[in-house]
Each structure stands twice: as C-alpha cells, then as structure tokens.
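Participant:
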Amino acid sequence: MPKIGILAIQGDVREHGLMLSAIGQQWEEVRLPSQLYDLDGLIIPGGESTTIVQMIDTYDLRIPLQSLATNGLAVWGTCAGMIVVAKKLSDRKPVPLGLIDIEVSRNAFGRQIDSFETTVTITGIDGPPVHAVFIRAPQVINVGPNVDVLATLGNEDPVVIRENKILATSFHPELTHDTRMHELFVRIAGS
Ligand code: GLN
Numbered sequence: 013m014p015k016i017g018i019l020a021i022q023g024d025v026r027e028h029g030l031m032l033s034a035i036g037q038q039w040e041e042v043r044l045p046s047q048l049y050d051l052d053g054l055i056i057p058g059g060e061s062t063t064i065v066q067m068i069d070t071y072d073l074r075i076p077l078q079s080l081a082t083n084g085l086a087v088w089g090t091c092a093g094m095i096v097v098a099k100k101l102s103d104r105k106p107v108p109l110g111l112i113d114i115e116v117s118r119n120a121f122g123r124q125i126d127s128f129e130t131t132v133t134i135t136g137i138d139g140p141p142v143h144a145v146f147i148r149a150p151q152v153i154n155v156g157p158n159v160d161v162l163a164t165l166g167n168e169d170p171v172v173i174r175e176n177k178i179l180a181t182s183f184h185p186e187l188t189h190d191t192r193m194h195e196l197f198v199r200i201a202g203s
C-alpha cells in the first residue's frame, strides 16, 4: 500500500481522510518537513490558498516539497490545493509551488457564480460522470505542453489536470461520497 499524507495546515483535511479511510487506504497528517520523506503521495486540500502557502513557508516545507515532487512524490491539489501546486497565478498572491505547468486564476468562477455543482467525465475514471462541487473555484487559464487535461467543464475549462505524478482538481471530490478520484490518486502514488 502506498504511503499517503494529507497536508494538515488548514481546510478539508478530515474530509480527505474520511475518503481515504473509506477505500481502506491508510493516511497520516503532515505538518513538518521530516514527515514528507517516506511518503509516496501528498494531498493538499481545499481551503484558503494564501493561508496554506504562508504556513508552508513558515514550516519550511517549500523546498523539500519541490525537490521531492521533482523526484517522484505524487501530489494532488484540490481547489485551493490546485492554486498551491500551480506554476503561475494571474493573481499577486500567494507565490505558488510551481509543481505543475498550469496558470490559474483564483476565484475566477467565483466572481460569476459563487459556488455550483455539476458532473464531469474524467479520463481514467470508469462508470458514470463524477459529481463535482465547485466552491470559489480557481480557473485554469493556461496549460503547458506536457500537461494532460483529464476533464473539462463544458468542453472548455480544464478542471482535472495531470503532469506525471502531479494531479490538480478545481473542485472538491472530498465533499462527495464518490471515492473514484481518491482511488485514482492512490493508483498514481503507488505506480
Ligand atoms: N478561493 C480559494 C483560494 O483562493 C479556494 C477555495 C476553495 O478551496 N474552496 O484559496
């Protein structure tokens, strides 16, 4: 079984943990650099990206996270977590980790419609479309050449993105009872 951690600074930590437990996957809360080194995968939850990035820097997690991700640590950012792992933001703050070659605009959907729910079809996930909950979600405005778009919203906005072992979703799979995105991440982390 791959070793999975959840960055337990702020946000949907418990909800991600419940999803992993539901599929029989063990997990641990991660707050310190020393807790990163034996992980196969790390989830960065939704919440508030400025707070999460501020604490990443306060706890000196930035450099180890960047170097471990370059060396094969799987990382999955959901919503605020997507902002944290992005290469570039169209906003001034925060300074993201740059783990996946996407440019993101914070709260871009939020200005039009604060939150909404819909279904998305995701490459690599069998069965019916996945129920997706968007809450002040980031919008992906550019993707690099090596990035795979696994799902879009209405054939347009990318909402599930993967580059090697880095995964990002602009919605919150941890707020549903559908464990298929978590199963996909565990498979990526164990590969
Ligand atoms: N808009 C939030 C941010 O910029 C993210 C919202 C969320 O994670 N639901 O961090």
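In this note's numbering, the protein residues as written are 13 to 203.
Glycine residues also receive a C-beta, built at the ideal position from the N, C-alpha and C atoms.
Since this is a predicted model, take the numbers as computed values, not measurements.
1) Assuming Ala201 is part of the alpha helix (DSSP H), what are its boundary residues?
2) What are the boundary residues of the alpha helix (DSSP H) that includes Arg74?
3) Does DSSP put Arg104 in a helix, a strand or coil?
4) Just checking, does the region 153–171 make contact with the region 105–121 on the three C-beta pairs under 8 angstroms criterion?
5) Under the assumption that Ala92 contacts Gly23 (Cβ atoms under 8 angstroms), give the Cβ distance between them as a whole number of angstroms.
6) Compare the Cα-Cα distances from Thr131 to each of Val107, Phe121, Leu165, Ile153 and report the closest residue.
7) By the three-class DSSP mapping on this structure, what secondary structure does Phe128 have?
8) In the DSSP assignment, find the unbroken beta strand (DSSP E) run with Ala149 in it and report its ends.
Facilitator: In short:
1) Counting from one through the sequence shown, the residue named residue 201 turns up at place 189. Segment 192–202, the alpha helix (DSSP H) holding Ala201.
2) Taking the first residue of the sequence shown as position 1, residue 74 is located at position 62. Per DSSP, Arg74 belongs to the alpha helix (DSSP H) from 74–82.
3) Against the sequence shown, residue 104 aligns to sequence position 92. Residue state, collapsed to three classes: coil.
4) yes
5) In the sequence shown, the residue the question calls residue 92 occupies position 80. In the sequence shown, the residue the question calls residue 23 occupies position 11. With 8 angstroms as the limit, Ala92 and Gly23 qualify as a contact, their Cβ atoms being about 6 angstroms apart.
6) Residue 131 sits at position 119 when you count from the first residue of the sequence shown. Comparing Cα positions, the closest option is Leu165.
7) Residue mapping note: residue 128 aligns to position 116 of the sequence shown, counting from 1. Reduced to three states, the DSSP call for Phe128 is strand.
8) For the purposes of this step, residue 149 is identified with residue 137 of the sequence shown, where counting begins at 1. No beta strand (DSSP E) contains Ala149, which DSSP labels as neither H nor E.
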